[in-house]
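What follows is a short report on a single structure.
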Amino acid sequence: MTLKLGKGHREAILGHGARDYPSECCGLLLGKVEGDEKHVAEVVPLKNLRHEASLAQELLPVDNPGRETEKNRFLIDPLEQLRVEKDARARGLDVVGYYHSHPDHPARPSNYDREHAWLRYSYVIISVERGSPKDLTSWVLAEDRSAFAPEQIERAD
Ligand SMILES: [Zn+2]
């Protein structure tokens with residue numbers, strides 16, 4: 314699969330990462346799968362529910378809440394995601410992927426990212442170094458969930 318990402322969408326993701334630094338940002342990629350290409354039509358920023366530590370801990374507990382915070386974990390609000398998905402479907406769009414940022418860490422998926430990923434979707438990760446967005450990469454989970462493989466990104470415009 315190739316992820317087709319417009320310049321504006323790329324800038325929207327990088328901008329969100331810079332804005333939310335030093336916390337992790339997250340969001341959805343809406344679009345269409347055509348053949349072996351995923352075309353991104355919209356980038357939807359979501360709030361990182363890890364900012365609300367007690368609610369987040371109820372929804373998806375972390376092993377070490379003192380160390381695993383919004384600065385190195387993200388959690389999408391399931392209700393917000395449902396709302397966005399429903400609205401997208403009404404406009405003929407699907408969720409084709411997710412994005413999140415790694416503040417002061419490389420744009421590579423962590424073990425935590427792999428354990429919480431689903432098959433088929435693109436996982437875009439951006440690195441934000443001292444507040445400035447740097448690299449943007451995309452990853453797809455292997456069928457046996459053992460690893461993420463890098464996904465090719467092409468400019469769509
Ligand atoms: Zn991550």
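Heads up: the sequence shown at position 74 corresponds to 387 in the numbering used here, and the numbers run straight through without jumps.
Just so it is clear, CB atoms sit at the ideal spot from N, CA and C, and this is done for glycine as well.
Using DSSP with H/G/I as helix, E/B as strand and the rest coil, what is residue i?
{"i": "tyrosine 425", "result": "helix"}
{"i": "aspartate 400", "result": "helix"}
{"i": "arginine 468", "result": "strand"}
{"i": "proline 499", "result": "The shown model of the chain, from 314 to 470, leaves out residue 499, and the question about it has no answer."}
{"i": "proline 391", "result": "helix"}
{"i": "leucine 362", "result": "helix"}
Tell me which residues share the same chain as residue i and place their Cβ nearer than 7 Å to its Cβ, disregarding the 5 neighbours each side in the sequence.
{"i": "aspartate 448", "result": "Ala420, Ile439 and Ser440"}
{"i": "arginine 402", "result": "none"}
Return the first residue and the last residue of the beta strand (DSSP E) that residue i is part of.
{"i": "glutamate 324", "result": "Run containing glutamate 324: none in the beta strand (DSSP E); it sits in the alpha helix (DSSP H), 320-333."}
{"i": "valine 453", "result": "445-454"}
Run the CB neighbour count on residue i, radius 10 Å, all protein chains shown included, and call it buried at 16 or more, exposed below.
{"i": "tryptophan 452", "result": "buried"}
{"i": "aspartate 333", "result": "buried"}
{"i": "proline 374", "result": "exposed"}
Only counting the same chain, and skipping five residues up and downstream in sequence, which positions put a Cβ closer than 8 Å to that of residue i?
{"i": "leucine 372", "result": "Leu362, Leu388 and Pro391"}
{"i": "threonine 315", "result": "Asp349, Glu350, Lys351, Glu464, Gln465, Ile466 and Glu467"}
For residue i, report the span of its alpha helix (DSSP H) as first-last.
{"i": "alanine 366", "result": "366-372"}
Give a yes or no on contact between the segment 337-346 and the segment 404-420, applying the rule of three or more CB pairs nearer than 8 Å. yes
Are there three or more Cβ pairs, one per stretch, closer than 8 Å when the segment 450-470 is compared with the segment 330-339? no
Between the segment 355-369 and the segment 389-406, do at least 3 Cβ pairs fall closer than 8 Å? yes
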